[in-house]
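Have a look at the structure below, then the notes.
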Amino acid sequence: MINVVVNGVGTIGKRVAHAIKLQDDMRLVGIADVAPTSWLRTVLEPKGPLYKTDLYASNQDGMKALTEGGMYVKGLLEDLLASGEVDVVCDCTPAKIGEKNKPLYQKYGVKAVFQGGEKAEVADVSFVAIANYEKALNKNSVRVVSCNTTSLARTIFTIDQKFGVEEVFAALVRRATDPWDEKSGPINAVVPETHVPSHQGPDLQTVLPHINIKTMAVKAPSTLAHLHMITGKLKNQASTEDFKKAFAEGSRMILLKASHGYFATSEIIERFRDLCRPRYDMYEVAIWDESITVEKNRFYWMHAVHSEAVVIPETIDAIRAITGIETDKFKSIEKTNKSLGIEK
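Residue numbers for the sequence shown follow my numbering, so the first one is 303 and each next one is one higher.
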């Protein structure tokens with residue numbers, strides 16, 4: 303049994319903590335944060351998914367804020383780490399905070415799983431389960447790459463393994479912010495990331511270093527999901543049907559058809575609401591079937607990414623990888639998928 307604490311209970315952290323509780327080889331020994339947010343209060347309520355989970359303060363300032371906010375705090379995160387009770391800490395704090403927290407985890411010899419908001423250098427290896435699980439085995443730290451990079455890695459790895467990929471270009475239309483966030487935008491603008499490549503291309507190469515990829519990205523006034531448009535060249539011959547079969551059989555990907563009513567990200571997200579997924583989380587990359595096209599050695603497709611959810615199964619697999627409790631990536635993926643209701 304792997305004992306895990308989640309530091310940072312926001313969009314990703316609350317989902318990771320919930321997912322850990324669903325595993326039969328992991329135990330959530332606590333969560334830690336610095337502020338008495340509405341979502342922290344909610345998940346700890348009697349009907350919340352983290353009810354009776356011990357709450358720790360990430361630091362002294364957090365202890366003051368949480369107690370003044372009327373929350374019961376068992377102690378400081380550092381005290382929990384010092385107890386020897388924790389095997390892995392999942393750092394789901396905001397971008398760049400994880401790097402500051404790393405010395406604390408190292409001090410007590412606790413393995414760490416970081417998120418994609420951190421630079422690659424924060425961890426021993428960047429991680430996507432299907433692509434490089436083996437490289438993370440028994441490491442001291444891993445970084446689960448960003449939502450966009452995770453989707454690129456899953457899809458491109460699948461095609462590269464089957465047919466060989468010579469080069470890729472990806473255009474990303476990013477959602478502006480998370481649905482709960484009332485402060486961020488844009489509201490009435492499309493904001494380009496003016497550097498080429500955008501950061502997702504180099505990030506993908508931390509997982510698949512041999513892939514020649516260029517990316518460009520914009521932020522659009524939507525909160526539901528990102529949308530990617532992919533094109534590239536193959537090393538070997540394939541057909542459109544070959545691609546569809548590869549995606550249909552691949553890990554954590556689904557094919558959806560516009561002809562079935564999935565015209566936009568809104569209908570795709572609504573699907574997972576109607577399937578009664580917790581928080582309507584879409585862990586899979588949703589690929590538009592009709593967009594998949596192969597002409598000679600050039601390929602095209604479009605897919606949607608739920609930024610709040612796609613990295614959650616990867617984080618669970620990362621915990622198994624760095625502890626070495628499961629060395630077979632397919633067994634870990636299958637176990638995680640079953641716990642989260644992912645078909646494949």
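Yeah, the Cβ is synthetic: ideal placement off N, Cα and C, and Gly gets one too.
Only a predicted model underlies this, so the values are computations on that prediction, with no experimental measurement involved.
query, result
"Residue closest to V475, alpha-carbon to alpha-carbon, out of A425, N450, K376", "N450"
"Closest by C-alpha distance to S360, when choosing among F545, V498, H562, G332", "G332"
"Residue of Q408, L526, I458, G626 minimising C-alpha distance to R660", "Not covered by the structure: residue 660. The range shown for the chain is 303 to 646."
"Own chain partners of Q507 with C-beta closer than 8 Å, once the 5 adjacent residues on each side are dropped", "I513, I515"
"Minimum Cβ-Cβ distance from L406 to chain C less than 9 Å", "Judged by its chain identifiers, the structure shown contains no chain C, having just a single protein chain."
"A550 versus I556: straight-line alpha-carbon distance, rounded", "6 Å"
"Same chain, Cβ closer than 6 Å to V651, five either side skipped, listed in chain order", "Nothing in the structure corresponds to residue 651, since the chain is present only between 303 and 646."
"Distance between S553 and K535 (C-alpha atoms, nearest Å)", "22 Å"
"Which residues DSSP lists as bridging V308, in chain order", "I333, C392"
"Helix, strand or coil at Q528 [DSSP, three-state]", "Here residue 528 is His; the residue named in the question, Gln, does not match the sequence. Here H528 sits in strand by DSSP."
"Reduced DSSP secondary structure (H/G/I, E/B, other) of M365", "helix"
"9 Å Cβ cutoff met for H530 and R477", "no"
"Minimum C-alpha distance to L406 - residue among A397, Q463, V390", "V390"
"Buried or exposed by the 16-neighbour rule on C-beta atoms within 10 Å, applied to R317", "buried"
"Beta-carbon separation (whole angstroms), A433 vs A455, contact threshold 8 Å", "5 Å"
"Coarse secondary structure for S443, derived from DSSP in three states", "strand"
"Contacting residues, own chain, Cβ-Cβ under 6 Å from D356 (five flanking each side not counted)", "G332, K376"
"Unbroken stretches of the alpha helix (DSSP H), 4 residues or longer, contained in the segment 584-626", "614-625"
"Those residues which DSSP pairs with E543 across a bridge", "Bridge partners of E543: none, in fact."
"Segment contact flag, the segment 395-409 with the segment 483-496, C-beta cutoff 8 Å, min 3 pairs", "no"
"Inter-residue spacing [alpha-carbon to alpha-carbon] between E468 and I399", "36 Å"
"Distance, I570 Cα to G563 Cα", "9 Å"
"Burial state of N403 (16 or more Cβ within 10 Å)", "buried"
"Inter-residue Cα distance where the pair is T460 and A548", "7 Å"
"Supposed contact pair S524 and T567 - C-beta distance, whole angstroms, cut 8 Å", "7 Å"
"Anticipated Cβ contact below 8 Å, I314 with Q417, distance rounded", "6 Å"
"Proximity below 9 Å, CB of A319 to CB of V336", "no"
"Sub-9 Å separation of A611 and D583 beta-carbons", "yes"
"Chain-order list of residues whose beta-carbon lies under 6 Å from that of T344 (same chain, five-residue window excluded)", "G350"
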